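Novice: Add 6 to a position in the sequence shown, counting from 1, and you land on the number used in the numbering used here.
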Amino acid sequence: MEKIKRKSKIEEICCRKQSQLVMALLLPVVVVGGYFYPMLGFIVLALITIFMVIASQRGRFYCGWLCPMGAFHERFLTLVSLKKDILPVFKSSWFRWLLFVLMMGLMFSRIYMAWGNAEAVGSVFRFMWIVSTALAIGLGLYFKPRTWCAVCPMGSFQGMSSKNTYILTVDDNCIECKKCRRVCPISTYPGAYKLETGPGTVPSIDCLRCSNCIVNCPKDALYFTS
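Right, here's the structure in full:
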């Protein structure tokens with residue numbers, strides 16, 4: 007069992023913000039720079055490899071700390087977002103997997119057509135980021151800035167492939183104040199998973215491992231378990 011100590015909570019959040027600001031720079035590098043140098047699109051492939059390695063140990067930690075798109079939405083899109091509640095349908099399994107199939111189908115069909123031309127393949131990854139970013143901005147302008155992260159195909163894949171890894175746990179100290187839901191980038195409510203006896207756990211797919219809820223919990227009822 008791993009609990010984040012009160013003394014280090016503020017430092018952890020500061021580090022997260024700094025890492026996000028740095029990683030957010032990759033979004034314009036790929037989207038804009040990729041127009042002139044298509045091979046920059048392979049940065050996306052490199053990031054996919056990185057997040058799959060991280061997911062095996064820390065679940066959706068990449069989403070919460072390192073994803074360039076998520077960082078851009080959380081740090082910059084939030085400045086103009088209306089921040090309306092995320093619709094429940096966006097978190098439903100059928101919607102997530104329908105989007106996953108559609109997006110993966112689009113990507114692999116374009117890779118198939120571009121196969122044999124490295125620059126064209128790089129452009130495919132750039133194109134997918136453009137599509138995802140456009141959808142994410144459209145959602146984030148009205149709903150919470152990181153609404154896309156609740157349905158993101160890559161995020162869903164990470165969550166499903168790490169069901170028992172670095173899980174957010176809620177114990178019986180929870181008073182169900184819902185503060186955790188207010189500070190969660192994707193409006194997950196850990197208190198809803200509180201059990202009458204023993205600790206409850208939040209589904210991996212619904213937790214970005216950002217630690218916002220842990221830091222803000224008035225009763226220290228939340229922590230990660232390995």
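Quick reminder that beta carbons are idealized off the backbone N, C-alpha and C, glycines included.
None of these values were measured; they are calculated from a predicted model.
Phe133: buried (16+ other C-beta within 10 angstroms of its C-beta) or exposed?
Specialist: The count along the sequence shown starts at 1 and reaches residue 133 at position 127. Burial is judged here by how many other beta carbons sit within 10 angstroms of a residue's own beta carbon; Phe133 has at least 16 and is buried.
Novice: Rounded to a whole number of angstroms, what is the C-alpha to C-alpha distance between Pro34 and Phe101?
Specialist: Position 28 of the sequence shown, counted from the first residue, corresponds to residue 34. Position 95 of the sequence shown, counted from the first residue, corresponds to residue 101. In a straight line, the C-alpha of Pro34 is about 28 angstroms away from that of Phe101.
Novice: Shorter than 6 angstroms, the distance from the beta carbon of Val36 to the closest heavy atom of the ligand ATP, or not?
Specialist: As far as ligands go, the structure on display features none, and thus does not contain the ligand ATP.
Novice: Would you mind sorting Lys9 into buried or exposed? The rule is 16 or more other CB atoms within 10 Å of its CB.
Specialist: Here residue 9 refers to the residue found at position 3 when the sequence shown is read from its first residue. Its pLDDT being 49, under 50, Lys9 is placed unreliably by the model, and the measurement read from it follows with that caveat. Flag for Lys9 reads exposed.
Novice: In whole angstroms, what separates the C-alpha of Phe114 from that of Trp121?
Specialist: The count along the sequence shown starts at 1 and reaches residue 114 at position 108. The count along the sequence shown starts at 1 and reaches residue 121 at position 115. If you take the alpha carbons of Phe114 and Trp121, they lie about 10 angstroms apart.
Novice: Quick test of your reading: Ala30 and Ala77, contact by CB under 8 angstroms. State the CB separation rounded to the nearest angstrom.
Specialist: Counted from its first residue, the sequence shown places residue 30 at position 24. Counted from its first residue, the sequence shown places residue 77 at position 71. The pair is a contact, with the Cβ atoms about 4 angstroms apart (cut-off 8 angstroms).
Novice: Three-state secondary structure (DSSP) at Phe149?
Specialist: To locate residue 149, count along the sequence shown from 1; it is residue 143. In the three-state scheme derived from DSSP, where H, G and I count as helix and E and B as strand, Phe149 is classed as strand.
Novice: Is it buried or exposed, Cys219, if we count other Cβ atoms within 10 angstroms and call 16 or more buried?
Specialist: As a first step, residue 219 must be located in the sequence shown, where it is residue number 213. Cys219 is buried by the Cβ-count criterion.
Novice: Going by DSSP, what residue range makes up the beta strand (DSSP E) through Thr171?
Specialist: Here the question's residue 171 lines up with position 165 in the sequence shown. Per DSSP, Thr171 belongs to no beta strand (DSSP E) and is neither H nor E.
Novice: Does the stretch 57–69 touch the stretch 165–180, meaning 3 or more C-beta pairs lie closer than 8 angstroms?
Specialist: Touching, yes, given that three or more Cβ pairs across the two stretches are closer than 8 angstroms.
Novice: In this structure, how does DSSP classify Thr55 when only helix, strand and coil are distinguished?
Specialist: On the sequence shown, position 49 is the one that residue 55 refers to. Helix, per DSSP.
Novice: Using 8 angstroms as the cut-off, can you tell me whether the stretch 102–112 makes contact with the stretch 44–56, which would need three or more C-beta pairs spanning the two stretches below that distance?
Specialist: no
Novice: Where does Lys90 sit, in a helix, a strand or coil, going by DSSP?
Specialist: As a first step, residue 90 must be located in the sequence shown, where it is residue number 84. DSSP places Lys90 in strand when its eight states are reduced to three.
Novice: State the start and end residues of the unbroken alpha helix (DSSP H) segment that holds Phe230.
Specialist: Numbered from its first residue, the sequence shown carries residue 230 at position 224. That residue, Phe230, is in no alpha helix (DSSP H); its beta strand (DSSP E) goes Leu228 to Thr231.
Novice: Please state the DSSP three-state secondary structure of Thr175.
Specialist: Position 169 of the sequence shown, counted from the start, is the residue given in the question as residue 175. Three-state result, Thr175: strand.
Novice: Under 7 angstroms, do Gly206 and Val176 count as touching if we go by C-beta distance?
Specialist: For the purposes of this step, residue 206 is taken as the residue at position 200 of the sequence shown. For the purposes of this step, residue 176 is taken as the residue at position 170 of the sequence shown. In contact: Gly206 and Val176 (Cβ atoms closer than 7 angstroms).
Novice: Near Leu214, which residues of its chain fall below 7 angstroms by C-beta distance, leaving aside the five closest residues on each side in sequence?
Specialist: Position 208 of the sequence shown holds residue 214. If we look at Leu214 and ignore the five residues flanking it on each side, its Cβ neighbours are Arg66, Cys69, Gly70, Cys155, Pro191 and Ile192.
Novice: Per DSSP, what kind of secondary structure is Thr84 in: helix, strand or coil?
Specialist: The residue labelled residue 84 in the question sits at position 78 within the sequence shown. Reduced to three states, the DSSP call for Thr84 is helix.
Novice: To the nearest angstrom, report how far apart Met58 and Leu32 are at their CA atoms.
Specialist: Sequence index remark: in the sequence shown, residue 58 carries index 52 (1-based). Sequence index remark: in the sequence shown, residue 32 carries index 26 (1-based). Met58 and Leu32: Cα-Cα distance of roughly 18 angstroms.
Novice: What residues match up with Thr207 in a beta bridge as DSSP calls it?
Specialist: Indexing the sequence shown from 1 puts residue 207 at position 201. Its beta-bridge partners are Thr175.
Novice: Which term fits Glu173, buried or exposed, when burial requires 16 or more other beta carbons within 10 angstroms of its beta carbon?
Specialist: As a first step, residue 173 is located in the sequence shown; it is residue number 167 there, counting from the start. According to the sequence shown, residue 173 is Ile rather than Glu. By the 10 Å Cβ count, Ile173 comes out buried.
Novice: By the three-class DSSP mapping on this structure, what secondary structure does Arg66 have?
Specialist: Counting from 1 along the sequence shown, the entry for residue 66 is found at position 60. Note: Arg66 maps to coil in three-state DSSP.
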